[in-house]
Structure formats: structure tokens, C-alpha cells
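Start counting at 1 in the sequence shown, then tack on 1285, and there's your number in our numbering. For each residue, glycine too, the CB sits at the ideal point set by N, CA and C.
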Amino acid sequence: MPFLTGFLLIQLTKKYWQTIANAQKITEQIEILRQRISLQRIEPKINKTIDRSLDHVQPMLNNAALEKDQRAGLISRYSKIITQYKFDLIALNLDTLENIRRGHEQSISDLEEKLAQVCPPLLRQAIADRQQIMIKRHQKLLEHKLKSSRSRRRSSYSNSVIYTQITASLPSIEVYLNLSPQQMSMLINGLKYVVPCQTQFIVAAASGPFIDTIVNEQFESIFTIVRNCLNDRGILSSDIRVKMALPELRQIVDTFKSQKISKQLKERARHEYKTIRSIRRLLHERPDIVICRTDKTKALYIGNRTTMARKAYEYMDKTTAYEELVDGRSPLSDILQGLHTLLDYVVRTHGLTDKQRKTLLPNLSRLELAHYHGLPETHKNGIPLQPIIASISSPTTLLSKFLNNLLAPIYLQVARETTFINDIDLVRKLESHVDKGFFNSTTIFVTADVKDLYTMIPRQGATLALMRFLEKYTKHGKIGTLSIDYILRMAPFILDSNYFVYTNKYYRQIRGEAMGSAFTQVLANIYMFEWEQELIAYIHQHNGIYGRYIVDIFIVTNQSLAEVQLELRKAQTKDINIKITPVIGTSVNFLDVIVINENGHLRTSIYHKPTAQPYFLPYTSDHRRHIDRNIPYTALLRAARLCSNVEDFDIERIRIDMSLLLNHYPPRFISYYFNKFFENNNAVSVLQRLDKNVYRQLHRDLLHKCTRREKQLNMMTKDPIQFPTVLQQKPWDKSIMYLRYKYDSGLTRHFPKQFHEWWDKHFKYAAKDLNNVSIRMIGNSNRTLEQWFIHKKPSKELLTRMDTKLN
């Protein structure tokens, strides 16, 4: 193409520079908006417009006819709706700006192609040079604007008004508390948040020598691990190298006492610790309230203790699955004696070795009876409670885990085709179904929830189902060396030992299984596996998909609505204990995935429950920094796997970005790890211009990449009948040294680096195989908000009392 005349070339160049300037302005708007989100200081006009819509609501809430707690519950729900609406609106604004930016980038690319064809080389270079100058100038101006707006807005809040400040998540508050803004901000951080520099402030509140005790415990723990590692390689504590290295390790650990903390961190830590104490004081002064985590989220729930007890008793009455021990006698001693009798019999008849028996016995110093607590299901109407029997230290816990680890791999091997491991597995099976040509415009979806499965299953029926399963799927009536007769003795013992404490009384579960016991899930799966066989056969006969994730059923079929409803009615009458509530349509939500049939085309994306906002560990939490680095990458990885459409993925990327910003992650930090994700997966064009072809390949590649959980399951299900892993002796990998230490940003932030330098200096080349030792630093965090605030256990006396048998 011949070079253009001067006038036309000038016009084309002006247009090119103007488009670059427009793109830079949009980029500036995006970064300023992201900064505003990070500071929770969105555009005043948007805030005022939305907040004004509540002007008529506040007078209603102030009506004297409303009780205080009732008013607090309504305010909490209004707050969630308003903050979620602001979140969605700002996300849409960001999406709009991103699309405008991409439009400008495309125009720049088109203009560059034209200029390359019509401009002399020298002029092209001059244009490119000016482009770089324009970009650098905009970047400097942007940096200046961002710096001038980095002070965080102070929030104001009262439990008597609606919380309207944009946030990543909110606690559910169903009681009147009159929280201060600082207290509300702390609760917003969520259960897993760790206040920084806890050790210093605990020490400040305790006696002087306390810090020495902490440091000495740390040193002894670290040195014991190192000594064991060295002993495995023939280097004893008396070795001259150990004696020379030990004082230096001691010196490193002793520096914990004199570690300097920045003034900014110290002030924040002091402020947060003060807030923690104020909330604990409030909880102590209000015995009528209870604080706990919600079901399926990491948010906090604060409710009325009496109301929660009423809901628990209503559930007990409805299911008739529990009975009170009216004599008030603790069953702990009886359960322990029964366990010993059972395991002694199994060892005596050569079912297990004495060594294996010992692994199934509880630690007597921590032995407790199980206790009940309910998890509020805030995503359901009326906020019902999910009953949990917490049995981590009960006599049968290890036996329950043993049976689960023995049977779950066999069940999974048998029922793999009809079992969804997670939402990724669901999307994989759906896309495979499409590839096989079974998906068309008439394809419909069915979701169904099995109601109260764990408490409704009859024990005798469950035990018989287990027996039939074992007879059919074991080899010569054995799993490894263990006869199924022993399993059929262990299972009823676990079911009959479901005792727990609630409201200072002893209870026994007489129907179904305890939710919270490891064995419960595999037994429920086996019972359901029998029930669903006819339905599976019908669905597969018509080239459909049937799958289940514990109590949630998902079906894909090309049969008519009437035919599907008929089959579901048959299934519902098969067993009076299994009650399902089916939902049928071309668009459904299942396992946090939206599944849509768009005229014969499958579309999947991430489903966000209206009352369950996404939770990310706040950046300010006192965890090791590698956790923060993993969060943006992992969130994008999940989004790319679940979203089949590039536009849905990009919206999810924006939601992740906003959630991280609202959790105090620095904008540059997020951008760096987002860019790293796209670069590592050769998909930069997806970020830049929503390249559909590249995204399709990215989605496929990541979807079919095995997750860590799947790799573990593959190992477990290799040969679970002949060589069950739970009966194998686990080899200790001596090439790895697991070094546990207390992580506290005020004490041990630099310890991993210091320890590696010490190890390399004294031991890495001290013996032939020491240079192959891989050191895994495991930093145990301080107390989380869950540990500070949630106290669901009854009194220790009730949990540990060992009453003797009455004659």
C-alpha cells in the first residue's frame, strides 16, 4: 500500500494517539475504582442513591411493636441485601469499564496495523516513542492520584440501623447487641482471622517469665525434631557437630524475645486485641446469646440461646431420633468398657493385631463424651439448625474413622460412576455427556435433596444394607485380612454408642446416625446406593446422567417431564425413610454450579447463594504469606474449571478481585498474581481481549487436570479390597523433616529463613544423605476468631464424668 498524503496521515496518527489516551483514562478509572473498593469508599453519589432507598425502612424498624431481637434480625437481613446489591452494582461497573478498555485496545491494534502499512519506518518509530511517553505520563499521574486517596474511611455502625457500607461478607446477627464500628469490623473478618502479635499482648497481660516459657517450649520442640532427624542418620546428640550447632539454634530462638515490631503493626495489633477483649466481655455479660459458625460458610452467626435451644428440641421431637437419659448417669464408662471388650475379642480371634488395636483406643487424658451443637442454615427460610454431634475425643471416634477409611474406598470404587466428588467432577461429567452427543434442546435437569437423611435411616435397615454390600463386593468375605464378621460387629457398636451432652443433660441417638461421625457418611452412602439402583438403571437406559453428592441428587435426561415425574414418584414410595424434594428445569443450581441448557448448548458457571457471600481469608490475618499468595491463583483456577463461557469467567474474575480488595489485599498484589495465572497457563489473551478459543482450551485443560483430592482418592481406590491402606503400615519418609513452630508475625516471621541458613551451615553436607533432606516448615498460627469467640462445649465435668455401673 502506498504511503498516505500528509493530511490523512496526520488524521490517522491523531486518532491513534487519542485512542491511546482514551484507553489510559479508562485504565485510570478502573484502578481508581479498585482503590476505592479496597478502601471501602465507593462513589458518594452511588452510596447516597442506594442508601436513600432505605429512608422509608428505618421508621418501620423503629416501630415499638417490634422486639429488640426481632428488629436486629430484620436489620441484619436488610444489611446483607444492601451490601450485596452494592457489591453486584460495582462489579457490573467494573465489568463495563473492562469492556470499554478492551474496545479501545482492539481499536489501537487495528490502527497500528493500518499505520504499519502506510507509515515510513522513521515515522512509525516516532509514533511508538510518543506512545510510550503518553503511557508513562499516565502511569505517573495515576500513581499520584492513588497515593492521595489511600486513607481508609472510618466506618460508623450501630446495631439499631442498617449496615450499608460495602463489604465482602457480613455476620448474621439475630439479637440486639449495640456493636461498635470496631467490633462489627472484627466480626466481618470471619472465623479464620488471626489477630497479629498475639503472643506479645498475652504476655503483657500475664506475668513476666511467660515469654521465657514460650521461647523454651519452642526451642525444645524444634530441637527434638532436628535431633530425631539426625539420629535417623546416625548423628547422635553427643556428636561434636551437634554440640557446636546447638548454641546457635538457641540464639536464633532467643531472638524471638527481642524481635522488633513496626510501629504501624504494633498499633494495629494493640487496637485489634483490645477489640477482641471487648467482644469477649460483651459475650460474658450476655449469657442469653450464642455465637457460632453458619452451615456451609465461614461467616459468624449471633443468635438467641433460647431460640436456638427451641429449634434443637423441635428437631428432636420431629425426627424422634433422640431420647434423654432420665437417670442422669454418664454413659462414658460403659462405652469405653464396651470398646475394650469388642477390640479384645477381635484381637483374641486374630482379626487385628495388638498393635492395630492400640491405634483404635482413645487417648484417656483427652477422653470426652460427644456433645451436640446446631449450625444455623442461614441460606434457608427460618434459619433451621443442622444438627452436629461433635465427637472428636469420644471413645468410638478412632474406630469410626477406621471403618470409614476401610469402607469408603470400596464404596467409591463401586459407585464411582454415580458419585460426584465435587463440583469440578460434576462439570466434567456434564461436558463428557455433551461430547458423546446425548445433550440436546429437550434435555432437562433434576435436582433433589434427601431430607434429614442421617437421622431418618433405620439402624437395622442400614446394617442389613451394609451386610449385603460387603457380601457382594468383598473377596471371600474379607477386606484385606479383616473378616466382614468383625465389621458387622463394629458397625452396630458405633451406632449404639451415639451418646452426647446437650444443655447439661445426657442424650442417646436411637434412630439414624450421628452427623459428625466419620462412619456416618459411608453407611448413609451404602444405604442410599441400594435405594437408587432402579432409578440409576432407568436414567442410564435412556442415556442420561445420574449422580449423587451425599444427600444431593442430580439427574440429566432427555425423557419428557411427565415420564421423569412418574419415575421420581416411584422412587419416593420405595422407602418411607427417604424423602426427596425434586426440582426440574432447564436451569438449576447444584453444588455451587449453575447448569443451563441454552437451546441444546450446555452452559455452566459459579452459583452464589444470596445469603452466603464468598469468603476469603483477610490479607491482614496473621498467617504465613504463602497462604495469601495461593488464594488469588486458586480462586481463578476454580473459576476457569467451572465456567464454560469466557464472559461468565470474566465476571467471576471481577467478583474475586472485588472480594480480595474488600479483604484488604493490595490492588498490585492481586494484579500480580492474576497476571501470573494467565501467563503460567498461556492465556494472556483471555485477560486482554476475552479470547474465546484460548479460553475454551484453558477451561478444558484445567478441568481435566487432577486435583489433589482426586489424586488421594485414586491412591485409596487402587485395590481397596485386597490391600486397604488403613490396614497397611505407613512407611515413614525419612527424607522429609516436618518442622513445626509457632507462627507469630511479631516473633517468628523470619525464622524459616534463619533455620534454613543454620541447617545449611551445620548439617546439609555433614553426612552423605543429609543434603537430600527436604525441610517442610509448618507454622502453627495463633488463635483464630473462632477460638476466641465460639465456646460450644458443655462443662468439662459432664463430658468427662465416669459413672460406675449400677447393680
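Query	Result
Along the alpha helix (DSSP H) that carries Y1792, what are the first and last residues, could you check?	Looking at the DSSP string, Y1792 is not in any alpha helix (DSSP H); the run it does join, the beta strand (DSSP E), is K1790 to Q1794.
Could you pull the DSSP bridge partners for Y1586 from this structure?	S1457 and C1577
Going by beta-carbon coordinates alone, are I1385 and I1311 separated by less than 8 Å?	yes
What's the call for K2081, buried or exposed, on a 16-neighbour Cβ count within 10 Å?	exposed
DSSP three-state label for R1438, please.	Because R1438 carries a pLDDT of 49, less than 50, the predicted location of this residue cannot be relied on, and the following value inherits that uncertainty. If DSSP states are grouped into helix, strand and coil, R1438 belongs with coil.
Which first and last residues belong to the beta strand (DSSP E) in which L2061 is found?	Here residue 2061 turns out to be Arg, not Leu, going by the sequence shown. S2059 to N2065 is the extent of the beta strand (DSSP E) around R2061.
Just verifying my parser: in three-state terms, what is the DSSP assignment at L2024?	strand
Should the stretch 1763 to 1773 be called in touch with the stretch 1899 to 1916, which here means at least 3 C-beta pairs below 8 Å?	no
Would you mind giving the Cβ-Cβ distance between Y1831 and H1825, rounded to the nearest angstrom? I have them listed as a contact below 8 Å.	7 Å
Does I1677 pass the burial test, meaning 16 or more other C-beta atoms within 10 Å, or should it be called exposed?	exposed
For A1776, count the other beta carbons within 10 Å of its own beta carbon; 16 or more makes it buried, fewer makes it exposed. Which is it?	buried
Which full runs of the alpha helix (DSSP H) of 4+ residues lie inside the stretch 1636 to 1707, going along the chain?	1639 to 1644 and 1682 to 1700
What three-state label does DSSP hand P1867 in the structure shown?	strand
With burial defined as no fewer than 16 other Cβ atoms inside 10 Å of the residue's Cβ, what is the status of C1482: buried or exposed?	buried
Looking at S1872 and V1479, is the spacing between their C-beta atoms short of 8 Å?	no
Going by CA-CA distance only, name the one from T1788, N1666 and Y1784 that's closest to P2079.	T1788
Going by DSSP in three states, N1828 sits in which element: helix, strand or coil?	coil
Would you mind listing the alpha helix (DSSP H) stretches within the stretch 1494 to 1533 that are 4+ residues and don't spill past its ends, in chain order?	1495 to 1516
To which residues of the same chain is A1733 closer than 6 Å at the C-beta, ignoring the five residues directly before and after it?	I1838, I1865 and P1867
For T1579, which of Q1818, E2071, I2006 and L2083 has the nearest alpha-carbon?	E2071
Do you know whose CA, among L1887, I1795 and K1596, lies nearest T1727's CA?	L1887
So what does DSSP say about A1606, is it helix, strand or coil?	coil
May I have the straight-line CA-CA distance separating K2077 from L1617, to the nearest angstrom?	19 Å
Any contact between the stretch 1541 to 1551 and the stretch 2031 to 2051? By contact I mean 3 or more CB pairs, one from each, below 8 Å.	yes
Is the Cβ-Cβ distance between T1740 and G1797 less than 8 Å?	yes
Taking only runs of the alpha helix (DSSP H) that begin and end inside the stretch 1287 to 1361, which ones reach a length of at least 4 residues, in chain order?	1291 to 1323, 1329 to 1337 and 1342 to 1346
Which of helix, strand or coil does DSSP assign to H1625?	helix
Can you check whether the CB of V1971 is closer than 8 Å to the CB of F1959?	no
Taking 6 Å as the limit between beta carbons, can you name the residues of its chain near Y1918, skipping five residues before and five after?	Y1958 and F1962
Take the Cβ of G1829 as the centre, count every other Cβ of all protein chains shown within 10 Å, and call the residue buried at 16 or more, exposed below.	buried
How many angstroms separate the CA atom of Q1503 from the CA atom of L2012?	35 Å
To the nearest whole angstrom, what separates the beta carbons of S1454 and Y1900, a pair I think is in contact under 8 Å?	5 Å
Taking the alpha-carbon positions, what's the E1653 to P1680 distance?	7 Å
Using DSSP bridges, identify the partner residues of R1833.	T1704 and I1838
Whose C-beta lies closer than 7 Å to the C-beta of S1492 among residues of the same chain, with five residues either side of it excluded?	Reliability of the predicted coordinates at S1492 is poor, the pLDDT of 48 falling under 50, and the value obtained from them is presented with this limitation in mind. For S1492, where only same-chain residues beyond five positions count, there are no Cβ hits under 7 Å.
Quick check on the burial criterion: 16 or more other C-beta atoms within 10 angstroms. Buried or exposed for M1345?	exposed
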